[in-house]
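*Asks:* Using full-length UniProt numbering, read the sequence shown as starting at 1 and increasing by one per residue.
Below is a structure I'd like to ask you about.
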Amino acid sequence: MTEPDAAPSFTLGYVPGVTPGKWVRIWQERTPGVPLELVQVGAAEAAGRVRDRELDAVLLRLPTDRTGLHAIPLYTETTVVVVPKDHVVTAADEVHTGDLADELVLHPLDDTLGWARPPGRPALDRPATTADAIQLVAAGVGVLVVPQSLARLHHRRDLTYRPVADAPQSQVALSWLEDETTDLVEQFIGIVRGRTVNSTRGRPPAAKQSKSKRPAADERKPAPRRNQPRGGRRGKPRRR
1 MTEPDAAPSF TLGYVPGVTP GKWVRIWQER TPGVPLELVQ VGAAEAAGRV
51 RDRELDAVLL RLPTDRTGLH AIPLYTETTV VVVPKDHVVT AADEVHTGDL
101 ADELVLHPLD DTLGWARPPG RPALDRPATT ADAIQLVAAG VGVLVVPQSL
151 ARLHHRRDLT YRPVADAPQS QVALSWLEDE TTDLVEQFIG IVRGRTVNST
201 RGRPPAAKQS KSKRPAADER KPAPRRNQPR GGRRGKPRRR
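This is how it looks when you write it as structure tokens:
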């Protein structure tokens, strides 16, 4: 975050699977004088890093503890089950949680789906991370239900995935401190919400200038006088 008397900058955190590249490019085009630093953070620590003022804002997944934070939901992800390529569920284009009732379903500690009760049979131990769970799936130890972007992030040639129609879904949101909606935060909000560069709320702080007003009537240039006098025409006087 920007320190007092320091050149302005913007620090944006993002959780694994979220791809902020498009928004960063727009920021660089619109606000070239303010560098944007990207910081990848774990899902479990994302909100806390904003509360500790280590980040100006963060792209995280809901549900999360939103105490003291604003959060704007941006989009909802499809939930999928990750399985080996020869798994029986690959015969269908889409599955339901009931289809996983007999499966060992891994539930990593960094899970972001907020299950009331995960489907299937629980494992004896919960993997520490989604990456660890992916390794177990590849080893033939259970299946994993995650947002689709995480399945893509941890893609392996020996694994595939299918959508789970009735599973909870994860929302990606932009979050920042409730009492610190700065001009730079407003600028980034405008970008992720698709505001154009001409939008007043979407402009960089330096560009938020009022339009020039027309000069008052007494400030306008006087109209030029006509060369021809009223009621006659110019020329030499007639001889008597």
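Where is the CB? At the ideal position from N, CA and C, for every residue including glycine.
Remember, it's a predicted structure, so these values are computed and weren't measured experimentally.
With DSSP run on the structure shown, which of helix, strand or coil describes Gly-13?
*Replies:* Here DSSP, grouped into helix, strand and coil, assigns Gly-13 to strand.
*Asks:* Trp-176 bridges to which residues according to DSSP?
*Replies:* His-70
*Asks:* Kindly indicate the opening and closing residues of the alpha helix (DSSP H) around Glu-186.
*Replies:* 183–192
*Asks:* Exposed or buried, Leu-124, counting other C-beta atoms within 10 Å across all chains shown (16 or more means buried)?
*Replies:* exposed
*Asks:* When the Cα atoms are used, what is the spatial distance from Ile-72 to Pro-118?
*Replies:* 27 Å
*Asks:* How far does the beta strand (DSSP E) with Arg-61 in it reach, from first residue to last?
*Replies:* In the DSSP assignment, Arg-61 falls within the unbroken beta strand (DSSP E) covering 57–62.
*Asks:* Classify Gly-142 as buried or exposed, calling it buried when 16 or more other Cβ atoms lie within 10 Å of its own Cβ.
*Replies:* buried
*Asks:* Would you call the segment 170–185 and the segment 50–65 in contact, with 3 or more CB pairs under 8 Å?
*Replies:* yes
*Asks:* With a threshold of 6 Å on Cβ separation, who are the neighbours of Leu-150 within its own chain once the five nearest residues in sequence on each side are excluded?
*Replies:* Gly-17, Thr-130
*Asks:* Using the Cα positions of Pro-127 and Gln-135, report the straight-line distance between them to the nearest angstrom.
*Replies:* 10 Å
*Asks:* On the CB-based measure, 16 or more other CB atoms within 10 Å of its CB, does Glu-29 come out buried or exposed?
*Replies:* exposed
*Asks:* Any idea if Val-88 is buried or exposed, counting beta-carbon neighbours within 10 angstroms, 16 or more meaning buried?
*Replies:* exposed
*Asks:* Are the CB atoms of Ser-175 and Leu-113 within a distance shorter than 7 Å?
*Replies:* no
*Asks:* Tell me where the alpha helix (DSSP H) around Thr-130 begins and ends.
*Replies:* From DSSP, the alpha helix (DSSP H) with Thr-130 extends over 130–138.
*Asks:* I'd like to confirm the pairing. Which residues does DSSP put opposite Val-81 in its beta bridges?
*Replies:* Val-145, Arg-162
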